[in-house]
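**Q** This is the structure I want to talk about, given as structure tokens.
2 protein chains.
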Amino acid sequence: MTEARKPGFSDCNNATLRRAARSLGRFYDDALGPTGLKSTQFGLLFQIHISDEPAMGAIAEALIMDLSALGHTLKPLIRDGYVETFADKDDRRVKRVRLTPQGEAKLDEALKLWSIAQRQFEDKVGVEQAAKLRAALDAVADLDLEMPAAAPSN
Amino acid sequence: MTEARKPGFSDCNNATLRRAARSLGRFYDDALGPTGLKSTQFGLLFQIHISDEPAMGAIAEALIMDLSALGHTLKPLIRDGYVETFADKDDRRVKRVRLTPQGEAKLDEALKLWSIAQRQFEDKVGVEQAAKLRAALDAVADLDLEMPAAAPSN
DNA sequence: CGGCGAAAGTGGCATATGCCACTAATAGAA
DNA sequence: TTCTATTAGTGGCATATGCCACTTTCGCCG
Numbered sequence: 001m002t003e004a005r006k007p008g009f010s011d012c013n014n015a016t017l018r019r020a021a022r023s024l025g026r027f028y029d030d031a032l033g034p035t036g037l038k039s040t041q042f043g044l045l046f047q048i049h050i051s052d053e054p055a056m057g058a059i060a061e062a063l064i065m066d067l068s069a070l071g072h073t074l075k076p077l078i079r080d081g082y083v084e085t086f087a088d089k090d091d092r093r094v095k096r097v098r099l100t101p102q103g104e105a106k107l108d109e110a111l112k113l114w115s116i117a118q119r120q121f122e123d124k125v126g127v128e129q130a131a132k133l134r135a136a137l138d139a140v141a142d143l144d145l146e147m148p149a150a151a152p153s154n
Numbered sequence: 001m002t003e004a005r006k007p008g009f010s011d012c013n014n015a016t017l018r019r020a021a022r023s024l025g026r027f028y029d030d031a032l033g034p035t036g037l038k039s040t041q042f043g044l045l046f047q048i049h050i051s052d053e054p055a056m057g058a059i060a061e062a063l064i065m066d067l068s069a070l071g072h073t074l075k076p077l078i079r080d081g082y083v084e085t086f087a088d089k090d091d092r093r094v095k096r097v098r099l100t101p102q103g104e105a106k107l108d109e110a111l112k113l114w115s116i117a118q119r120q121f122e123d124k125v126g127v128e129q130a131a132k133l134r135a136a137l138d139a140v141a142d143l144d145l146e147m148p149a150a151a152p153s154n
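Protein sequences, first through last, are from chains Y and C.
The numbering of the first sequence is UniProt numbering, which starts it at 1 and goes up by one.
The numbering of the second sequence is UniProt numbering, which starts it at 1 and goes up by one.
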């Protein structure tokens, strides 16, 4: 089967990654559907939950996302009362974030469904493989990539 | 170091995948910046290029993306004259897609920059590893996941 | 041939993400 | 202390993606 690989899953690492992300995202989104949360929102709530009233910048950095994008993504969660923000007492530029009681409750609710999806996934690919994949993805995410031309000698 | 792992890169396969996608996406986007194309658009043009005047549904399926999402994503490319559509001559429901000459030219231009980014990435993680990662991601993308509750006995 | 159910897209609506220009506030240099 | 460079966010604008409700065409059955 010389060319059996469906043509075009190009060799682009980025395209392949996005494609997988769309696919897996849909699965987790479906799983979380009953909670009304998207998998991205779930991830964000979780990140906030495990952090200690993190500053927006800290969250953005942890999730490797643009600060402004984080701000946008946070809005629906604030609107729905799951998250609230408050100014840091020592540095008024800093805005800290925390879950509201409803947010904690919603997260608990979502965690139940999430764990089912997670188990479902790991039953398919294997716990070991899943862990390796996550490790590989974290490694990729933390790579210090830079375009050569962008960084001239000095 | 009991909890040394940066707290919160949760064990969620989906969250990890998205995080990596954001990170890598930014790199490829930067690389393609000079062309004015986003890495997603590049991927889409490439997919169209290697297909034979594919129907929208075929593209959506290959990229595992929602048909309507594809339609939306295609708009800026059509507006900018890189892509054009036409009705299938045998089935008027089907809309086929192809690159315009400008689209082909733009793709060529982008491929040059893409290959630099791609090489840069593979120099970091290793060609072998990159290939394995893509294979793993393709496998994940093609998994037939289903929520148990969603599929009752019948 | 008439009509029904499936298939392929479209449009609207909502969230996800990024970049850029701008504002507020702080840390430092003078 | 005052002026400046830096840091943390915000808002606007544009693309990326999905879901759902429709509309148009087909394919097929009676």
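A virtual CB, placed ideally from N, CA and C, is assigned to each residue, including glycine.
Computed from a predicted model, the values in this text were never measured in an experiment.
Taking 7 Å as the CB-CB limit, is residue 36 of chain Y close to chain C?
**A** Translated into the one-based positions of the first sequence, residue 36 of chain Y becomes position 36. Chain C contact via Cβ: absent.
**Q** How would you list, in chain order, the residues of chain C whose beta-carbon sits under 7 Å from the beta-carbon of residue 28 of chain Y?
**A** Reading the first sequence from its first residue, position 28 is the one you call residue 28 of chain Y. Those within 7 Å of residue 28 of chain Y in chain C are 14.
**Q** Could you tell me the alpha carbon to alpha carbon distance between residue 86 of chain Y and residue 57 of chain Y, rounded to whole angstroms?
**A** As a position in the first sequence, residue 86 of chain Y is number 86, starting the count at 1. As a position in the first sequence, residue 57 of chain Y is number 57, starting the count at 1. Each residue's Cα considered, the two are about 14 Å apart.
**Q** From the beta carbon of residue 106 of chain Y, is the nearest beta carbon of chain C less than 7 Å away?
**A** The residue given as residue 106 of chain Y occupies position 106 in the first sequence. False, the Cβ-Cβ gap to chain C never drops below 7 Å.
**Q** Suppose only complete runs of 3+ residues qualify. What are the beta strand (DSSP E) ranges in the UniProt domain "HTH marR-type" (10 to 142) of chain Y, listed by chain order?
**A** If we require 3 residues or more, the beta strand (DSSP E) runs fully inside the UniProt domain "HTH marR-type" (10 to 142) of chain Y come out as 83 to 87, 95 to 99.
**Q** So with CB distances below 9 Å, who are the chain Y contacts of residue 96 of chain C?
**A** The sequence position of residue 96 of chain C within the second sequence is 96, counting from 1. Going along chain Y, no residue has its Cβ under 9 Å from residue 96 of chain C, so there is no contact; the nearest lies around 16 Å.
**Q** Does the region 89 to 109 of chain Y touch the region 38 to 53 of chain Y, meaning 3 or more C-beta pairs lie closer than 8 Å?
**A** yes
**Q** Determine the chain Y residues that contact residue 40 of chain C at a beta-carbon separation under 9 Å, and present them in chain order.
**A** In the second sequence, the residue the question calls residue 40 of chain C occupies position 40. Under the 9 Å cutoff, chain Y gives 14, 15, 18.
**Q** Just checking: is the beta-carbon of residue 59 of chain Y within a distance shorter than 7 Å of some beta-carbon in chain C?
**A** Taking the first residue of the first sequence as 1, we reach residue 59 of chain Y at position 59. No, no contact with chain C.
**Q** Can you find a CB in chain C that lies within less than 7 Å of the CB of residue 140 of chain Y?
**A** Taking the first residue of the first sequence as position 1, residue 140 of chain Y is located at position 140. Yes, its Cβ sits closer than 7 Å to a Cβ of chain C.
**Q** I'd like to know if residue 112 of chain C contacts chain Y, where contact means its C-beta is closer than 7 Å to some C-beta of that chain.
**A** Residue numbering aside, residue 112 of chain C sits at position 112 when the second sequence is read from its first letter. So no, residue 112 of chain C is outside the interface.
**Q** Spatial neighbours of residue 84 of chain Y within its chain, please: CB distance less than 7 Å, with the 5 preceding and 5 following residues excluded, ordered by chain position.
**A** Here residue 84 of chain Y corresponds to residue number 84 of the first sequence, with the count starting at 1. Within the same chain, residue 84 of chain Y has close Cβ partners 78, 98, 100.
**Q** Going by the beta-carbon positions, is the gap between residue 44 of chain Y and residue 110 of chain Y smaller than 7 Å?
**A** For the purposes of this step, residue 44 of chain Y is taken as the residue at position 44 of the first sequence. For the purposes of this step, residue 110 of chain Y is taken as the residue at position 110 of the first sequence. Not closer than 7 Å, so no.
**Q** Name the chain C residues whose beta carbon is nearer than 7 Å to that of residue 117 of chain Y?
**A** For the purposes of this step, residue 117 of chain Y is taken as the residue at position 117 of the first sequence. By Cβ distance, chain C contributes 147.
**Q** Can you find the residues in the same chain that come closer than 7 Å, C-beta to C-beta, to residue 39 of chain C, ignoring five residues on each side of it along the sequence?
**A** On the second sequence, residue 39 of chain C is found 39 positions in, with the first residue counted as 1. Only 25, 28, 29, 32 meet the Cβ criterion.
**Q** For residue 63 of chain Y, which residues in the same chain have their Cβ closer than 8 Å to its Cβ, ignoring the five residues on either side in sequence?
**A** In the first sequence, counting from the first residue as 1, residue 63 of chain Y sits at position 63. Result list for residue 63 of chain Y: 43, 44, 47, 70, in chain order.
**Q** Taking only beta-carbon positions, decide if residue 56 of chain C is within less than 7 Å of chain Y.
**A** Here the question's residue 56 of chain C lines up with position 56 in the second sequence. So no, residue 56 of chain C is outside the interface.
**Q** Please name the residue, chosen from Y:75, Y:66, Y:146, Y:113, that lies closest to residue 12 of chain C on a Cα-to-Cα basis.
**A** For the purposes of this step, residue 12 of chain C is identified with residue 12 of the second sequence, where counting begins at 1. If we check each option's Cα against that of residue 12 of chain C, Y:113 comes out closest.
**Q** Distance check for residue 116 of chain Y and residue 147 of chain C, CA to CA, integer angstroms please.
**A** Taking the second sequence and counting its residues from 1, the one referred to as residue 147 of chain C is at position 147. Taking the first sequence and counting its residues from 1, the one referred to as residue 116 of chain Y is at position 116. Straight-line Cα distance between these residues: approximately 8 Å.
**Q** Closer than 8 Å by beta-carbon distance: list the chain C residues that pair up with residue 43 of chain Y, in chain order.
**A** On the first sequence, residue 43 of chain Y is found 43 positions in, with the first residue counted as 1. Within 8 Å Cβ-Cβ: 10, 12, 14, 15, 18.
**Q** Quick one: list the residues of chain C neighbouring residue 127 of chain Y, beta-carbon separation under 9 Å, in chain order.
**A** Within the first sequence, residue 127 of chain Y is the residue found at index 127, counting from 1. Residues of chain C passing the Cβ test: none, with the nearest at roughly 10 Å.
**Q** Return helix, strand or coil for residue 145 of chain C, following the three-state DSSP convention.
**A** Position 145 of the second sequence, counted from the start, is the residue given in the question as residue 145 of chain C. The answer is coil: DSSP assigns residue 145 of chain C none of H, G, I, E or B.
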